[in-house]
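Report on the structure given below.
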Amino acid sequence: FGNHRVQVFNREGESLLVLGEAGRGKNQFYQPWGVTVLDSGEVLVADTYNHRIHNLGILVQ
């Protein structure tokens with residue numbers, strides 16, 4: 080919480096991927112909050128204070 084990035088973990092809690100940094104530009108987040116995965120496998124992130132939805136594409140197979 081509060082680090083303005085998205086992290087992906089495996090079932091053991093090990094970090095596999097870290098995406099983004101604090102800010103308002105491309106590939107930056109300002110309080111990312113909600114995450115969902117579509118049936119297509121695309122990952123969407125609600126970037127709260129940037130008032131946008133990031134489509135991160137397909138992160139895992």
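Each residue of the sequence shown is one higher than the last, beginning at 80 in the numbering used here.
Just so you know, even glycine gets a beta-carbon here, dropped at the ideal spot from N, CA and C.
Just so we're clear, the structure is a prediction, and the values are computed from it rather than from any experiment.
- The residues His83, in chain order, have a CB closer than 6 Å to that of Ala101 in the same chain once the five nearest residues on each side in sequence are set aside.
- Counting only residues of its own chain and dropping the five nearest sequence neighbours on each side, Asn89 has a CB closer than 7 Å to the CB of Leu95.
- When the beta-carbon positions are compared, Leu123 and Asn134 come within less than 7 Å of each other.
- According to DSSP, Ser94 shares a beta bridge with Phe88.
- By DSSP's assignment, Asp118 forms no beta bridge with any residue.
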